[in-house]
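Chains as they are written, first to last, in this note's numbering: chain A, 1 to 131; chain B, 1001 to 1131; chain C, 2001 to 2131; chain D, 3001 to 3131.
Every residue gets a Cβ at the ideal spot worked out from N, C-alpha and C, and that includes glycine.
Structure first, commentary second.
There are 4 protein chains.
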Amino acid sequence: MTDESTDLARLLGVELLDPGPEPARAQLEVTPKVCQPFGIVHGGTFATIAETLCSWATYEAVKGDGMAALGQSNQASFLRPISDGVIEAVASPRHRGRTTWIWDTELSDDAGHLCALVRMTIAVRPMPGGG
Amino acid sequence: MTDESTDLARLLGVELLDPGPEPARAQLEVTPKVCQPFGIVHGGTFATIAETLCSWATYEAVKGDGMAALGQSNQASFLRPISDGVIEAVASPRHRGRTTWIWDTELSDDAGHLCALVRMTIAVRPMPGGG
Amino acid sequence: MTDESTDLARLLGVELLDPGPEPARAQLEVTPKVCQPFGIVHGGTFATIAETLCSWATYEAVKGDGMAALGQSNQASFLRPISDGVIEAVASPRHRGRTTWIWDTELSDDAGHLCALVRMTIAVRPMPGGG
Amino acid sequence: MTDESTDLARLLGVELLDPGPEPARAQLEVTPKVCQPFGIVHGGTFATIAETLCSWATYEAVKGDGMAALGQSNQASFLRPISDGVIEAVASPRHRGRTTWIWDTELSDDAGHLCALVRMTIAVRPMPGGG
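So this is what it looks like as structure tokens:
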């Protein structure tokens, strides 16, 4: 049963493991609901894992300063399909600026093969209502 | 209850409206399950809508030649948050090559504001087992 | 003879035609110096034309407010090679935010074929020393 | 005097140091001709260095099999401006497929600061006229 109050990352089963930032980590078990109709993991799943992970890890690092983290761009390249097992995601910060952070996320299959690369730009902005 | 045999696009509620290709169209109703925890649409949702739409529209155009369509890259830029209503997606083919198609997808909110842009590269390859 | 005080856009021969922004236009005559060794236009030339054009057009639009324009990302897709004639570049603004502008540039050959697409994100920031 | 038969990489002064592929290396001395009018390195210069380096390194690796290398996309993120010294470029292959290679290039200044990141997708195709 789907909890109607769930969010996308929980719906898909993204497990956040380590906020990093050197590096940050998450994983996801492959089930039909994260795949496209031909049974391989949907590109949107890779994008979702990376964006969830990088937004969370940026927020963990900047919230103490009253800042929020908001995805600005998500560039995913798909190298190799995955159809079962667990996806491992490892995100490394490449730039930690005052207004933007840039992360590179590697997504691999059970055998350790690199299957997707995602470069995220996260905007860092004052928390709405912060004060 | 979530049908365990569902796929990602159906789980999120992506509705494919028109295979295009000039242009192709889809829509999605905003509910908590497509959002991040702060109640705005997750970047992964925009990526998922665009990839579902562009893969489908490419496949519809090339399957008659025994070809399959596979996402190669998905570049999303997020311009403006959405927190309710219906997301409209319109995908226009910018290149229809022998081995790759390139699509630009515009995603807008109920008020017609452009909220995200996604450029997809789709690889066109002989259908596995085709013959 | 190369003027040692020239800048990259002038060195290559980028001609800025119209600051736009709906749309902005530039052109470049193809000569060996903008090509790679096999005689087709270098991908870096397409990136340079687009970045010169979008930075200029953004700056023209925001300088009255004491703001400067600085390239933040440049995403180029190459569709079709060019080996002679004149490259026409047309840049359309897709987002004009307070802190970032996003532009789509189409680069075409003499026959009007679309040969490259470039999406630029331009950061808009207070002019250094402005006041 | 500019040699009229030069190509873009030579015009700018890109020095190819090591074809890699683990990793490949190049460098470029900063002079006004690789900058924009405000005296910082033009984004197109970073794109040109990366594309020259990755195309060359891919070609060195595949030419023995009668294959050619052609840039398909170039995604550059600009982190930090450079106004003098020497730019060091280090390109690491992330995927070496039958039809595409993907490279990540890091571009740094004299002080070792990371200043730009470029992800290149290179198409690998049979050499035209190959036998």
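- DSSP, read as helix, strand or coil, puts A1061 (chain B) in helix.
- Listed in chain order, the non-local C-beta contacts of A1061 (chain B) below 7 Å within the same chain comprise P1021, local neighbours out to five positions each way being set aside.
- Residue range L2008 to L2012 is occupied by the alpha helix (DSSP H) that includes L2011 (chain C).
- Contact between V2124 (chain C) and T2031 (chain C) is absent: CB atoms are separated by about 34 Å, not below the 8 Å threshold.
- Within the region 1070-1103 of chain B, the residues whose Cβ lies closer than 8 Å to any Cβ of chain D are, in chain order, Q1072, S1073, Q1075, T1099 and T1100.
- Fully enclosed alpha helix (DSSP H) runs of no fewer than 4 residues occupy 43-62 of the region 14-66 of chain A, in order along the chain.
- Contact check for K63 (chain A) against M120 (chain A) fails: the beta carbons are separated by 9 Å or more.
- If you look at T3099 (chain D), you'll find it isn't in any beta strand (DSSP E); DSSP assigns it neither H nor E.
- Per the coordinates, the alpha-carbon of L107 (chain A) lies some 25 Å from the alpha-carbon of T1105 (chain B).
- In this structure, DSSP gives P3093 (chain D) an extended state, which the three-state scheme calls strand.
- Sixteen is the threshold: when 16 or more other Cβ atoms of the shown chains lie within 10 Å of the Cβ of D1109 (chain B), as they do, the residue is buried.
- Contact between the region 3077-3086 of chain D and the region 2079-2092 of chain C is absent, with fewer than three C-beta pairs closer than 8 Å.
- Take the alpha-carbon of H3042 (chain D) and the one of G13 (chain A): they are about 43 Å apart.
- From the beta-carbon of L3008 (chain D), the residues of chain C found nearer than 7 Å are K2033, V2034, C2035, Q2036, H2042, G2044 and T2045.
- Here L8 (chain A) is not near T1100 (chain B), since their CB atoms are 9 Å or more apart.
- Identification of chain A residues near E1015 (chain B) by a Cβ-Cβ cut-off of 7 Å yields none; the smallest Cβ-Cβ distance measures about 15 Å.
- Between A1047 (chain B) and T3006 (chain D), the alpha-carbon positions lie close to 42 Å from each other.
- Distances from the alpha-carbon of N1074 (chain B) to those of B:C1035, B:L1016 and B:I1049 put B:I1049 closest.
- Nearest C-alpha to V1118 (chain B) among B:W1103, B:G1112 and B:A1111: B:W1103.
- Considering only beta carbons, the part of the region 2108-2124 of chain C lying closer than 9 Å to chain B consists of L2114, L2117, R2119 and T2121, in chain order.
- Under the three-state reduction of DSSP output, A1069 (chain B) falls in the strand class.
- Inclusion of V2090 (chain C) and P2023 (chain C) in the CB contact set at 9 Å is warranted, their separation being smaller than that value.
- Separation of the CB atoms of L3114 (chain D) and R96 (chain A) is rounded to 11 Å, and the pair is thereby denied contact status at 8 Å.
- Taken through DSSP and simplified to helix, strand or coil, A3123 (chain D) comes out as strand.
- If you draw a straight line from the Cα of V3034 (chain D) to the Cα of R3010 (chain D), it is about 12 Å long.
- Pairing C2054 (chain C) with D2065 (chain C), the inter-Cα distance amounts to about 18 Å.
- By the criterion of a C-beta distance shorter than 6 Å, Q1072 (chain B) is surrounded in its chain by T1121 and A1123, once the five residues flanking it on both sides are discounted.
- A Cβ-Cβ separation of about 20 Å leaves A2076 (chain C) out of contact with A2111 (chain C) under the 8 Å criterion.
- Between L3016 (chain D) and W3056 (chain D) a beta carbon distance of about 6 Å is seen, short of the 8 Å cut, so the two are scored as contacting.
- Note: D3084 (chain D) is not bridge-paired with any residue in the DSSP secondary-structure output.
- One Cα belongs to P1037 (chain B), the other to T52 (chain A), and the distance between them is close to 10 Å.
- Judged by DSSP in its simplified three-state form, A2116 (chain C) adopts strand.
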